[in-house]
Amino acid sequence: MPEFFEPRDRATLVSGVRVIDIAADVDRSADVLLAPGRITLDPRAADVPDDALRIDGAGLWALPGLIDLQVHFRQPGFEHKEDIASGSRAALAGGVTTVVVMPNTKPTLDTAEAVAFQGAEAQRVHGVRVLVAAAATEGIAGKRLTDHAALQGAGAVAVTDDGYPLSDDALMRASLEQCAKLDLLFMQHAEDMSLSHGEPMTRGATSEALGVSGQPADAEGAMVERDVALVGETGARYHVLHLSTARSLRAVRAAKAKGLAVTCEASPHHLLLTDEACAGGDTHFKMNPPLRSEADRQVLLAGIADRSIDAVATDHAPHSAEEKARGFREAPFGVIGLETAFAALLSLVEQGVIDDRRAAELMTAGPAHVLRRADLGSIARPGSVADLCLVDPARRFTVSEQTLFGRSKNSAFLGREMPGRVVATFVDGRLRYRV
Ligand code: DOR
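Residue numbers (our numbering): 119 to 553.
Structural data, given as structure tokens:
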């Protein structure tokens, strides 16, 4: 039975485990000793406390604690969907020890106080590491820029109007100029709303069959292209959230080729599903950006394999069953993802799209690089945090309410069998979750 633990000071020795640490170029069998604030590969016997918990690591993988660049924990304002404590349990069950939380709470995370609260609350409830992407504009209303310096001073690692793009050209330029000056990351939900009109799915054969007026896939790429031009002029660090189309990836590749500080992430649902899943009108397949065509999906798969996509992030977006029961047009956009993200990547390993090392990289070294955080995404690099997850690659599971630990159960993968179960998660050297 899966169990969650409050942080305790007892050490753990995992013996004979395959350590996959791409950032430190380590992929070998080792013993791993975890103790409060410390992680040691191949410790001396004398350094292992007598009362250490011992886990046989044969057949398991030890990965640096996974990083999810896009998560909605809904606190404050929407705690009936999720809060920092319940979201942290979902994260721990998925092996995720660092999350970047999005600012579309109520009130939005647009002040230094609101940013500081997130970290403080995460500590109070013994949650995972919570990093904040603060609002780029006041109230995420797209009208007046927030005080980016003050938000960064309170701990924000990025600004974004997630849920919405920063559409206004002049405002976007001004935000990027500030980001460049502060070395602050801008994260964009890329959607040209004058093209998408907020329609609930991608325009195509399935939307026509359903009688729904869909949004053109080009709404995303058009915005990425505009942004990349502004990044070229301002020199800011810019990251595309949940990138989902071929046109967007073409723009990112071109920007990278020019040497611009442009990165992007893809989400598991866009890698495993297409808009055909919406045919039955099931709102567990409604999210924004919406599911795309098979042609777009294939381009994303090529992008995670050839490294033009830097990271996989879930866009964990909890909504209550009642909200999701409102029908395809009315139900809110969004699906959860923390508990299933790494298993989704292992599905792609099974399908031969990527290998197991690349799967690990996409949620460790990859996102750490996007954040420019040398202390995250590795265990063997000097100065690394002592966060770890153990994965049993041979253990399959079927996604169900029993494998989902957040407050909301709106997964696009309910009922799906997945390979590779996270069997233990450690934060700061302490065991916090075990199956
Ligand atoms: O599907 C989504 N849900 N996309 C977003 O951009 C926002 C998110 C949410 O907050 O529910």
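Just so you know, even glycine gets a beta-carbon here, dropped at the ideal spot from N, CA and C.
The bridge partners DSSP lists for Val250 are Val219.
For Asp165, the closest C-alpha among the options Thr516, Leu151, Arg242 is that of Leu151. Around the C-beta of Thr516, fewer than 16 other C-beta atoms lie within 10 Å, and the residue is accordingly described as exposed. In the structure shown, the three-state DSSP call for Arg444 is coil. If only uninterrupted alpha helix (DSSP H) runs of at least 4 residues are considered, those enclosed by the region 169 to 229 are 202 to 211. Taking 8 Å as the cut-off, the beta carbon of Arg192 is found closer than this to the beta carbon of Asp201.
Going down the chain, each residue whose beta-carbon is closer than 6 Å to a heavy atom of ligand 1 shows up: His190, Asn222, Asp280, Gly281, His307, Met405, Asn406, Asp433, Ala435, Pro450, Phe451, Gly452.
In this structure, DSSP gives Ala384 an extended state, which the three-state scheme calls strand.
Apart from sequence neighbours up to five positions away, the residues of its chain that approach His402 with a beta-carbon distance below 8 Å are Lys442, Val453, Asn528, Ser529, Ala530, Leu532, ordered along the chain. For Gly134, the uninterrupted beta strand (DSSP E) run begins and ends at 130 to 139, by DSSP. Within the region 284 to 324, the beta strand (DSSP E) runs of at least 3 residues that lie entirely inside it are, in chain order, 303 to 306. Per DSSP, the beta-bridge partners of Met536 are Phe515.
Judged by DSSP secondary structure, Asp474 falls within the alpha helix (DSSP H) whose first and last residues are 474 to 480.
Ile258 and Leu361 do not touch by the CB rule: their CB atoms are close to 20 Å apart, not below 8 Å. Spatial neighbours of Ala240 in its own chain (CB-CB distance under 8 Å, excluding positions within 5 residues in sequence) are listed in chain order as Ile202, Ser206, Val246, Arg247, Val248. For Tyr282, DSSP records no beta bridge to any residue. Non-local C-beta neighbours of Pro161 in its own chain, meaning closer than 6 Å and more than five positions away in sequence, comprise Leu151, ordered along the chain.
Apart from sequence neighbours up to five positions away, the residues of its chain that approach Gly339 with a beta-carbon distance below 7 Å are Thr363, Arg365, Ser366, Ala369, ordered along the chain.
Under the three-state reduction of DSSP, Arg548 is assigned to strand.
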